[in-house]
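Note sheet for the following structure.
Number of protein chains: 2
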Amino acid sequence: MAIESEATREKVLKAAERLFSKNGFSGASLRQITEEAGANLAAVNYHFGSKEDLYKEVLLRRVRPMNEERLTLLAQAEQLAGEQPLPLRAILDAFIRPLLSRATDRAPGGLSFLRLISRELADPQPFLFDEMAREFDPLVKRYTHAFAQTLPGLPPVDLFWRMQFTTGTLLYAAARQHDFERISSGLWKADDVEGCMRRLVDYCTAGLGAPRSAA
Amino acid sequence: MAIESEATREKVLKAAERLFSKNGFSGASLRQITEEAGANLAAVNYHFGSKEDLYKEVLLRRVRPMNEERLTLLAQAEQLAGEQPLPLRAILDAFIRPLLSRATDRAPGGLSFLRLISRELADPQPFLFDEMAREFDPLVKRYTHAFAQTLPGLPPVDLFWRMQFTTGTLLYAAARQHDFERISSGLWKADDVEGCMRRLVDYCTAGLGAPRSAA
DNA sequence: GTCTATATCATGATAGAC
DNA sequence: GTCTATCATGATATAGAC
Chain H
1 MAIESEATRE
11 KVLKAAERLF
21 SKNGFSGASL
31 RQITEEAGAN
41 LAAVNYHFGS
51 KEDLYKEVLL
61 RRVRPMNEER
71 LTLLAQAEQL
81 AGEQPLPLRA
91 ILDAFIRPLL
101 SRATDRAPGG
111 LSFLRLISRE
121 LADPQPFLFD
131 EMAREFDPLV
141 KRYTHAFAQT
151 LPGLPPVDLF
161 WRMQFTTGTL
171 LYAAARQHDF
181 ERISSGLWKA
191 DDVEGCMRRL
201 VDYCTAGLGA
211 PRSAA
Chain F
1001 MAIESEATRE
1011 KVLKAAERLF
1021 SKNGFSGASL
1031 RQITEEAGAN
1041 LAAVNYHFGS
1051 KEDLYKEVLL
1061 RRVRPMNEER
1071 LTLLAQAEQL
1081 AGEQPLPLRA
1091 ILDAFIRPLL
1101 SRATDRAPGG
1111 LSFLRLISRE
1121 LADPQPFLFD
1131 EMAREFDPLV
1141 KRYTHAFAQT
1151 LPGLPPVDLF
1161 WRMQFTTGTL
1171 LYAAARQHDF
1181 ERISSGLWKA
1191 DDVEGCMRRL
1201 VDYCTAGLGA
1211 PRSAA
């Protein structure tokens, strides 16, 4: 039945998300995953074809809506600004929020997904590289253009680096949401994602707009 | 013989560094490693005891001198500055250089080590967590103090975040040195590590010293 | 110290009954 | 669609010869 099939599929995806997030692609076995899902070992191959394809689906089903959200928020901000170039803060907020907000989502997968996507982008799986590049390409192009408009004097190579630095900052913040409370020695509480986001935007706004030092 | 023993040990460490870096801890097998090293499978257990202990040694033998260098550079900069608090740039340079300079080292392991240590810090292996914490603790304390001196008005929680953001920026830059040339579409050449470092310092200096926005 | 040989177990994948 | 059973392979680790 389609209904039961969907239920099993969903349970497997959920368990896979958690275990891939915790142990990485090669560190999580299909046996662990199907056991935690309460499904049969053979279900993975039936529903997804292979472990790699399961991993791909775990990621893409969350990445796609997230990136659409990022593009939508940017478009909305631009409409609001009219002819003016967007303030840096506005671009960054549109870029960061759809990712970090998932740290508090009641929706499934929040923290797991953050850790997973951070690991994948900082340390890509070769078999997924092309598909991820295709998925992120419109986003990169679109935001590069927005940043370039707001920072007209910045040479392309510097903009490239500053966007990379911003990405690194964001990914690390996302990857470690799950243990910042512990390592901050009580300075920060895990439910204050807004506080993290505000500080992240402060930091990256300054970094992107920094003066350039002499070579 | 002690000499041959050392040679085998060294060959295994070198191969392990490359393969752990490329495929991660669980993605690299002892078979791969010993084969690439031209050593016997049993050599790993003889010399290191277990796969986990091999991994630990691969990391720590490079982390220890790197972190000593960071502490030394900071002390030297402080001596140079006398009574004055250090400029942000000087602290950052001392923090960043001993890591990123390894991207060009003729010495073995440069790029591999960068990728490996970045992955380990952004996504720690549980079995190594305590030992890494112990190894990095003096560094964190020392640099936190230096930053706090130079940024006297900054509340501790904000300093915590900004140091985390700086760490994330640095680790991502380190992790991807090996393919920035490719993904920059020709904007940047891999031999220009100085250029990367200068831009990284520009970015983080601005971020650490950024104005704080209202909550 | 280094090797061969092997023990023991986990892995991803699939064939075929239901 | 889901199950059991199994295959072929590869994993870490170790015992014991040399």
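The listed protein sequences correspond, in order, to chains H and F. Residue numbering for the first sequence follows the numbering used here, beginning at 1 and increasing consecutively. Residue numbering for the second sequence follows the numbering used here, beginning at 1001 and increasing consecutively. From the three backbone atoms N, C-alpha and C, an ideal C-beta is built for every residue, glycine too. The structure displayed is predicted, hence computed values, not measured ones.
Look at the Cβ atom of residue i, then the Cβ atom of residue j, and state whether they are nearer than 8 Å.
i: F/L1088; j: F/T1205; result: yes
i: F/V1193; j: F/S1118; result: no
i: H/L200; j: H/A122; result: no
i: F/F1160; j: H/W188; result: yes
i: H/G207; j: F/G1207; result: yes
i: F/L1116; j: F/F1180; result: no
i: H/A190; j: H/L114; result: no
i: F/E1017; j: F/G1110; result: no
i: H/I96; j: H/M163; result: no
i: H/M132; j: H/P124; result: yes
i: F/D1130; j: H/R212; result: no
i: F/G1195; j: H/G24; result: no
i: F/A1077; j: F/L1086; result: yes
i: F/S1184; j: H/S26; result: no
Can you name, in chain order, every residue of its own chain whose Cβ lies under 8 Å from the Cβ of residue i, other than the five neighbours on each side?
i: H/G209; result: L88, L151
i: F/A1128; result: The question names Ala, but residue 1128 of chain F is Leu in the sequence shown. If we look at F/L1128 and ignore the five residues flanking it on each side, its Cβ neighbours are E1052, Y1055, K1056, L1059, E1120.
i: F/E1036; result: A1015, R1018, L1019
i: H/P98; result: M66, N67, E69, R70, L73
i: H/R31; result: L41
i: F/D1158; result: R1212
i: H/E135; result: L60, V63, R64, N67
Please classify residue i: is it buried, with 16 or more other beta-carbons within 10 angstroms of its beta-carbon, or exposed?
i: F/M1001; result: Its pLDDT being 46, under 50, F/M1001 is placed unreliably by the model, and the measurement read from it follows with that caveat. It counts as exposed.
i: F/E1068; result: exposed
i: H/E120; result: buried
i: H/V63; result: buried
i: F/A1028; result: buried
i: H/D137; result: exposed
i: H/S112; result: buried
i: F/A1103; result: buried
i: H/R176; result: buried
i: H/A215; result: exposed
Run through chain H and tell me which residues come within less than 7 Å of residue i, C-beta to C-beta.
i: F/L1200; result: F165
In chain F, which residues lie with their C-beta within 7 Å of the C-beta of residue i?
i: H/A175; result: A1122, D1123
i: H/L171; result: G1168, Y1172
i: H/S247; result: No answer is possible for residue 247 of chain H: the residues shown for chain H start at 1 and end at 215.
Going along chain H in order, which residues have a C-beta closer than 8 Å to the C-beta of residue i?
i: F/F1160; result: S184, L187, W188
i: F/P1156; result: L187
Below 7 Å, is the gap between the Cβ of residue i and the nearest heavy atom of the ligand HEM?
i: H/E10; result: Annotation note on the ligand HEM: not contained in the displayed structure, which lists no ligands.
Enumerate in chain order the residues of its own chain whose CB-to-CB distance from residue i is below 7 Å, with the five nearest sequence positions on each side excluded.
i: H/T34; result: V12, N40, L41, A43, V44
i: H/L139; result: N67, R70, L71
i: H/R9; result: H47
i: H/R38; result: This sequence places Gly at residue 38 of chain H; Arg is not what is there. Taken in chain order, the residues that qualify are K11.
i: H/R216; result: No statement about residue 216 of chain H is possible, as the shown extent of chain H runs from 1 to 215 and does not include it.
Listing by chain order, which chain F residues have their CB less than 8 Å from the CB of residue i?
i: H/T205; result: A1210
Under 9 Å Cβ-Cβ, which residues of chain H neighbour residue i?
i: F/G1024; result: G24, F25, S26, G27, D123
List, in order along the chain, the chain F residues whose C-beta lies closer than 9 Å to that of residue i?
i: H/R119; result: R1119, A1122, D1123
Considering only residues of the same chain and omitting the five flanking positions on each side of residue i, which have a CB-CB separation below 6 Å?
i: H/H178; result: L111
i: F/G1153; result: none
i: F/K1022; result: none
Check: Are there three or more Cβ pairs, one per stretch, closer than 8 Å when the segment 1072-1088 of chain F is compared with the segment 1047-1059 of chain F?
Finding: no
Next item on the list: Examine the Cβ distances between the segment 1090-1105 of chain F and the segment 1133-1147 of chain F and report whether three or more of them are shorter than 8 Å.
Entry: yes
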